[in-house]
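Numbering (this note's numbering), first residue to last: 2 to 468.
Here a beta-carbon is modelled for each residue, glycine too, at the ideal position from N, C-alpha and C.
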C-alpha cells in the first residue's frame, strides 16, 4: 500500500488532462533495458537526487532504476537529459514501439559524422517540425545549426542555437550545453566576431569539467580556438592550440578534424614566415578533405595553398589553386568565406599589374562581407583598396581607406588586427616619404600590442574625423 501511494504521488507531475473528459490519467510506463538507467547515472557521476534535479522525487528515479516501476516518457526524458544519453539508449524494443514517433538521433548523428550536411539539414528541420516536446526540438535545432555552420550560414545557426541552448540548460544537460557553446563559437568565428574567442574559451573550460570526459569534443574546441586565434592574427597561440588539438584528434583517429587543423596550421605557419611547413600542411589538408569528399574544406585549403605559393613567388600555380577554390565556392553557393578567396586573387591581379581587376575583385569581396557583417573581411577590403590607391598615386584615397579599415577594426574590438593594419599603413607612409606619419602609426601599434613598453600615441584620424 505504501508503495502504491508513493507511486501515485510520483505520477502527479506526469498526468495529462483529456480534453474530452477533463479527467487526469497517468501516462503509460515505458519498458527499459535492465540496468541502463543505473549505468547511465554511474557514467555521469550523478546521485539519485542530482538526476531527479527537483523536478521529480529521488524515489521515482530509484524505482525506475531498479525496475520496480516503468518510467513514463517525461521521467525518462529527464533521465536522458541529466545523464547525457539519447532516449533510445534506455528503451528496449517494446518501449521504443510505445514511444513511437520520437526523434531519430542515431540517424542525425550518422549524417553529421558522415558530413552529409545537406541531408542533415533537411532531416533535422523535418524532425524539428515533428518534435513533440522541447527536448526533441532542442536536439533537432542543434543539428540544424551544425548543418548551417558547415554550410557557412552562421546567422541561421545562431538562431537555432539560442533555442537549443536554453532548453538544454533548463534540463541540466551539461554535455549538450557545451556542444551548443562550441557550435556558437564556430558561427561567431565565421562572422569574425570578437566574442567567438570568449565563447570558445568558456566551452573548453566547461568541456574539461565534464565527467565522463569527452575527448572528441575537447579536440574540436581546441581546434576551434586555434582557428579563432588565426582569424585574430595571434599566430603563435594558434599553433599551440592546434598542436594540442592534433594530438587529441590523432588519438581518436578523427581524420576530418585532423584535416581541418592541418589547414589552419598552414595559415598560422604562413603568417609566421615558415612557408615550407605551411605548404606541407596545406597539401596534407587537401589530400584528407578530397579523400572525405568535403568540398567546402577543400576550397578553404586550396585558398591557403594558393596564398603560400603566392608568397613563394609561384604565381601561376597560386592562381590555379585560388581559382579552384573560387569555383567550389560558386558551385556550392557559399558566400561566407568566398571574400577571402577574392581578396587572394586580387593580390595576384596586383602582381600582374592589373589594378582595375584587383579593384573589381576587392569590391565584390567587400559587398559579400558587408552582406554577412564580417568585420575583419570588410576592414581587409578597405585596407587593400588603400594599397591599390597608393600604388596608383591616390594618396588621399589611400589614407581614407586605411582610416576606414582601422576604425572598423577598433569598433569591433579586434586589437590584434588593428596592430597589423596600422603596421601595414606605416609601411605605406614610409614608402611615400612620410617618416613622421609612419612612426606615429608604429607607436600606436606598439602601444596596443605592448602597453607595458610604449606610451599610447595620439590615434590616427578615423574616416569620420577626416570627412
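Residue from 115, 158, 170 and 36 with nearest C-alpha to residue 69: 36
Backbone CA spacing between residue 123 and residue 59 [nearest angstrom]: 39 angstroms
Rounded separation between residue 332 and residue 322 - CA only: 15 angstroms
Simplified DSSP state of residue 92, which is helix, strand or coil: strand
In chain order, each alpha helix (DSSP H) run of at least 4 residues that lies wholly inside the stretch 190-274: 196-208, 216-232, 236-253 and 256-272
Cα-Cα separation, residue 272 to residue 279: Between the alpha carbons of residue 272 and residue 279 lies a distance of about 9 angstroms.
Residue 154 (DSSP reduced to helix, strand or coil): coil
Within the stretch 347-407, ranges of the alpha helix (DSSP H) (whole runs, at least 4 residues): Secondary structure remark: continuous alpha helix (DSSP H) runs of at least 4 residues inside the stretch 347-407, in chain order: 356-372 and 376-392.
Beta-bridge partners of residue 33, as assigned by DSSP: Answer is 92.
Assigned secondary structure, residue 450 (DSSP; H/G/I helix, E/B strand, else coil): helix
Residue interval of the alpha helix (DSSP H) (run including residue 1): Here the chain covers residues 2 to 468 and nothing more, so residue 1 does not appear.
Close-in-space but distant-in-sequence residues of the same chain around residue 239 (CB under 6 angstroms, 5 per side omitted): 227, 230, 231 and 269
Proximal residues to residue 126 (C-beta, below 8 angstroms), its chain only, five neighbours per side dropped: Answer for residue 126: 141 and 145, listed in chain order.
C-alpha gap between residue 128 and residue 148, whole angstroms: 14 angstroms
Three-way DSSP call (helix, strand, coil) for residue 120 in this model: helix
Residue burial classification, residue 506 (beta-carbon count within 10 angstroms, cutoff 16): Here the chain covers residues 2 to 468 and nothing more, so residue 506 does not appear.
Candidates 283, 410 and 88: closest to residue 259 by CA position: 283
Own chain residues within Cβ distance below 6 angstroms of residue 236, not counting five before or after: 269, 272 and 273
Cβ neighbour criterion (16 or more within 10 Å) applied to residue 397: Counting Cβ neighbours within 10 Å, residue 397 comes out exposed, since fewer than 16 surround it.
Buried/exposed call for residue 352, threshold 16 Cβ in 10 Å: exposed
Cβ contact (3+ pairs, closer than 8 angstroms) linking the stretch 202-220 and the stretch 181-190: yes
Ordered list of alpha helix (DSSP H) runs contained in the stretch 282-350, each at least 4 residues: 296-312 and 316-333
Residue 366 beta carbon less than 8 angstroms from that of residue 343: Yes, the Cβ-Cβ distance between residue 343 and residue 366 is below 8 angstroms.
Collapsed DSSP secondary structure at residue 73 in the structure displayed: coil
Three-state secondary structure assigned by DSSP to residue 410: Here residue 410 sits in helix by DSSP.
Cβ-based burial, residue 277 [other Cβ within 10 Å; buried from 16]: exposed
Spatial neighbours of residue 267 in its chain, beta-carbon cut-off 6 angstroms, leaving aside the 5 residues before and after: Hits under 6 angstroms: 279, 282, 283 and 305.
Three-state secondary structure assigned by DSSP to residue 455: Residue placement at residue 455 cannot be trusted, given a pLDDT of 49 that sits under 50; what the coordinates show is reported in the next sentence. Residue 455: coil per DSSP, three-state reduction.
For residue 199, the nearest candidate out of 215, 223, 430 and 212 (CA to CA): Per the Cα distances, 223.
Spatial distance of residue 391 from residue 151 (CA atoms): Cα-Cα distance, rounded: 38 angstroms.
Check whether residue 327 and residue 319 have beta carbons under 8 angstroms apart: Contact flag unset, no.
Residue 120 versus residue 414: straight-line alpha-carbon distance, rounded: 37 angstroms
Residue 64 versus residue 210 - alpha carbon distance: A direct Cα-to-Cα measurement between residue 64 and residue 210 gives close to 29 angstroms.
Nonlocal neighbours in the same chain, by C-beta distance under 6 angstroms from residue 23, ignoring five residues either side: Its pLDDT being 44, under 50, residue 23 is placed unreliably by the model, and nothing is read from it.
Candidates 401, 341 and 168: closest to residue 373 by CA position: 341
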